[in-house]
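*Asks:*
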Amino acid sequence: QPQIRTMTFSPATLPDGVRRETAWEEDGFTLLGNDSFGSVSVGGSSNSTRPVNGTDFVNFLFVDSGARIEPLAGGTFDLLSLDLAEYSEVVLNNGSQPEFIDVSGFKADGSTVSVSFQLDMFLDGVGGSPDFQTFAPDSDFQNLVAIEFTNTLFALDNVVLQIPTPATGVCIMVAGAVAGFRRRRDQR
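Structural data, given as structure tokens:
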């Protein structure tokens, strides 16, 4: 059975509500930025200019050259889904908000897959309408060693990752060997 992990960016305590980080570790994964990647913001605040989903999330403001998520202990994973939102109402209204959030997946075999998720360009903060959208990439986002975000000015939450069970790979190899053996036997 594969293991499902979710990065919720929920700290035990945030005395001032936000904190800048260069790395965030949670549930066996790390989010790394080349620069301070912005704020771990407490959702549900009374700031109506920011996205709200009732939980903590990451705002990407200060990323110079992207941020990555990768397993702390190495190995591979699949990206199942993630929640994205516009950075703030101010950024949205002044025209700086990117409409598409670009995500690249780096596979164990050295290849790369990419997707652009289109935001709805709607943000009402505490107004009651959902600010975050849930996106699920296609099945190409499997057997990854890292994912990378190349945009700035967006919010991220609930990154759902799946760690394949090592036995799954062994079962596939054994099943292939058995099928090959049967085929060879049937040909005789």
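Take 283 as the starting number for the sequence shown in my numbering and just add one per residue. Think of the CB as a built atom: it goes at the ideal place given N, C-alpha and C, for glycine as much as any other residue.
1) Would you give the residue range spanned by the alpha helix (DSSP H) that N375 belongs to?
2) My assumption, with CB atoms under 8 Å, is that F399 sits in contact with F382. Please give the rounded CB distance.
3) Count the other C-beta atoms from every protein chain shown that fall within 10 angstroms of the C-beta of V372, then say buried if there are 16 or more, exposed otherwise.
4) Are there 16 or more other CB atoms within 10 angstroms of the CB of P284, so buried, or fewer, so exposed?
5) Can you round the beta-carbon distance between S363 and V427 to whole angstroms, since I take them to be within the 8 Å contact cut?
6) For L435, which beta-bridge partners are listed by DSSP?
7) Less than 6 Å between C-beta atoms, sequence neighbours within five positions excluded: which residues of the same chain meet that for W306?
8) Per DSSP, Q285 forms a beta bridge with which residues?
9) Below 8 Å on the Cβ atoms is my contact criterion, and I expect L361 with G387 to pass it. Report the Cβ-Cβ distance as a whole number of Å.
10) Closest to G357 by C-alpha separation, out of G377, P380, I429, L438, would be which residue?
11) Beta-carbon within less than 6 Å of T432's beta-carbon, same chain only, minus the 5 sequence neighbours each way: which residues are those?
12) For F342 versus F436, is the C-beta spacing smaller than 8 Å?
13) I think G407 touches V334, with their Cβ atoms under 8 Å apart; what is that distance to the nearest whole Å?
14) Helix, strand or coil: which one does DSSP assign to V334?
*Replies:* The structure says:
1) For N375, the enclosing alpha helix (DSSP H) starts and ends at 371-375.
2) Separation of the CB atoms of F399 and F382 is rounded to 7 Å, and the pair is thereby assigned contact status at 8 Å.
3) Exposed: under 16 other Cβ atoms inside 10 Å.
4) Classification for P284: exposed.
5) Your pair S363 and V427 does not check out as a contact, with CB atoms roughly 19 Å apart and the cut at 8 Å.
6) Per DSSP, none; premise fails for L435.
7) Sequence-distant Cβ neighbours of W306 in its own chain, meaning closer than 6 Å and more than five residues away, are L313.
8) Paired residues: I445.
9) With a Cβ gap of about 6 Å, L361 and G387 count as contacting.
10) Distance from the Cα of G357 is smallest, within the candidate group G377, P380, I429, L438, for I429.
11) Correct list, in chain order: G348, D384.
12) Going by beta carbons, F342 and F436 fall inside the 8 Å limit.
13) The pair is a contact, with the Cβ atoms about 5 Å apart (cut-off 8 Å).
14) Three-state result, V334: coil.
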